[in-house]
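Working notes, beginning with the structure itself.
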Amino acid sequence: MNTKLSSAQADTPDTGKLQINVSSSVTAYPVTDATISISYTGIPENTLEVVQTNSSGQTDVLDLAAPPVEYSLDENNTKQPYSEYTLQVSAPGFEPISISGTEILSNVTAIQNILLQPEDTPREQEDVYVIPAHTLYGNYPPKIAEDEIKPVTETGEIVLSRVVVPEYIVVHDGSPRDRTAQNYYVKYKDYIKNVASSEIYATWPDNTIRANVLAIMSFTLNRVYTEWYRNQGLDFTITSSTAFDHKWINKRNIFDSISRIVDELFSNYLSRPNVRQPILTQYCDGKRVQCPNWMTFL
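Throughout the sequence shown, residue numbering follows our numbering, covering 163 to 460 in sequence.
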């Protein structure tokens, strides 16, 4: 018996769900008959399941092993509350892609959207992606404190005349000081779903998810409204650095409970009386990082 495999199974007595959606990166059309091999991350030689997409580019909803749901609900838990899977995806006429680190939580459905690049098209980078740890489990820089209401009267400052929920935002995948980091054009709702899936657990109660989603949206819309980075001569809306903004992770999966609540709330934000701009709602976990007067998860 493979001892690594049996150890992974012992740590994951619960079940989570996964649905994979595969589309063309050029046309956005669904990719039919894509083949996906699924294995535990860290044990790629042991294929657990092989599935194919249907005419809509989707797989069936799959049941996969996950740690006990209590791990993601207990603030004192130190064990990893999600299992990680590696997906190897191929389809005729497309370049293969590998995504390592798709997260599965107990009792919720993970949604993994995958874009395949057609063969013979210019490739910007290798089609191998490693999803880093969730921010509540891994180690990331704490948020650098800022004023929650930004001054908007400085000479030459560009500020929108009203709060506008954008269709797209430009995400700088790194620190604002890192000029080598790549910029990504991301749909606003997709960005919020990605950040929420990276910073909170989808197993939490709906009202807890709602409160955190509102904070993420308000923070993001403050960056949009004040054009914070563009006023510093930079060509993006927001960064993926936890020291400056929120954690956005390219190619990561989202969760159905978070997606549903973002769709429900996407045009909302938090503000102060007689203040037009959304407030820069900063928060921390309240345990590893203390942040008086901020929102906390706990």
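Every residue gets a Cβ at the ideal spot worked out from N, C-alpha and C, and that includes glycine.
Residue i vs residue j beta-carbon contact at 8 Å
{"i": "V333", "j": "W390", "result": "no"}
{"i": "Y223", "j": "T271", "result": "Looking at the sequence provided, one finds Val at residue 223 rather than Tyr. Their beta carbons are under 8 Å apart, which means V223 touches T271 by this criterion."}
{"i": "N183", "j": "N275", "result": "yes"}
{"i": "F417", "j": "I273", "result": "yes"}
{"i": "S419", "j": "I371", "result": "yes"}
{"i": "E310", "j": "T443", "result": "yes"}
{"i": "P440", "j": "N374", "result": "no"}
{"i": "T221", "j": "E246", "result": "no"}
{"i": "V325", "j": "R438", "result": "yes"}
{"i": "I266", "j": "L396", "result": "no"}
{"i": "D335", "j": "N415", "result": "no"}
{"i": "L472", "j": "Y363", "result": "The first residue shown for the chain is 163 and the last is 460, placing residue 472 beyond what the model contains."}
Residue(s) in a DSSP beta bridge with residue i
{"i": "H334", "result": "N345 and T401"}
{"i": "Y291", "result": "I261"}
{"i": "D176", "result": "A228"}
{"i": "E211", "result": "I200"}
{"i": "P192", "result": "S185"}
{"i": "A272", "result": "L180 and F417"}
{"i": "T248", "result": "S201 and S262"}
{"i": "F256", "result": "P280"}
{"i": "Q220", "result": "N183"}
Cut-off 6 Å between Cβ atoms - residues of its own chain near residue i, not counting five sequence neighbours on either side
{"i": "T211", "result": "The sequence shown places Glu at residue 211, rather than the Thr named in the question. Counting only Cβ-Cβ distances below 6 Å, and skipping sequence neighbours, we find I200."}
{"i": "P206", "result": "T248"}
{"i": "S337", "result": "S403"}
{"i": "Y233", "result": "N239, K241 and P243"}
{"i": "K305", "result": "Q444"}
{"i": "E268", "result": "The sequence shown places Ser at residue 268, rather than the Glu named in the question. The residues are D176, G178, A228 and V231."}
{"i": "G318", "result": "Residue placement at G318 is poorly supported in this model, since its pLDDT is 45, which falls under 50; the coordinates still yield a value, given next. Excluding positions up to five away in sequence, the list is empty."}
{"i": "P192", "result": "S185, S218 and G219"}
Close beta carbons around residue i, own chain, < 8 Å, minus the five adjacent residues each side
{"i": "H408", "result": "V357, S360, E361, I378, F381, T382, I400 and S402"}
{"i": "D425", "result": "K351"}
{"i": "P303", "result": "S403, T404 and A405"}
{"i": "T197", "result": "V212, V213, Q214, V251, S252 and A253"}
{"i": "Y330", "result": "Y347, V348, K349 and Y350"}
{"i": "G300", "result": "P294"}
{"i": "E308", "result": "L442 and Q444"}
Contacting residues, own chain, Cβ-Cβ under 7 Å from residue i (five flanking each side not counted)
{"i": "S187", "result": "L277, L278 and Q279"}
{"i": "N430", "result": "L376 and M379"}
Problem - Cβ contact (3+ pairs, closer than 8 Å) linking the region 173 to 180 and the region 227 to 245 - result: The count of Cβ pairs closer than 8 Å, one atom from the region 173 to 180 and one from the region 227 to 245, reaches three, so the stretches are in contact.
Handout entry: Segment contact, 8 Å Cβ cut-off, at least three pairs: the region 244 to 262 with the region 291 to 302
Key = With a cut-off of 8 Å, the region 291 to 302 and the region 244 to 262 count as touching, because enough Cβ pairs lie within range.
Exercise for the section: Please confirm if the region 276 to 283 is in contact with the region 241 to 256, defined as three or more CB-CB distances below 8 Å between the two stretches. Expected result: The region 276 to 283 is in contact with the region 241 to 256.
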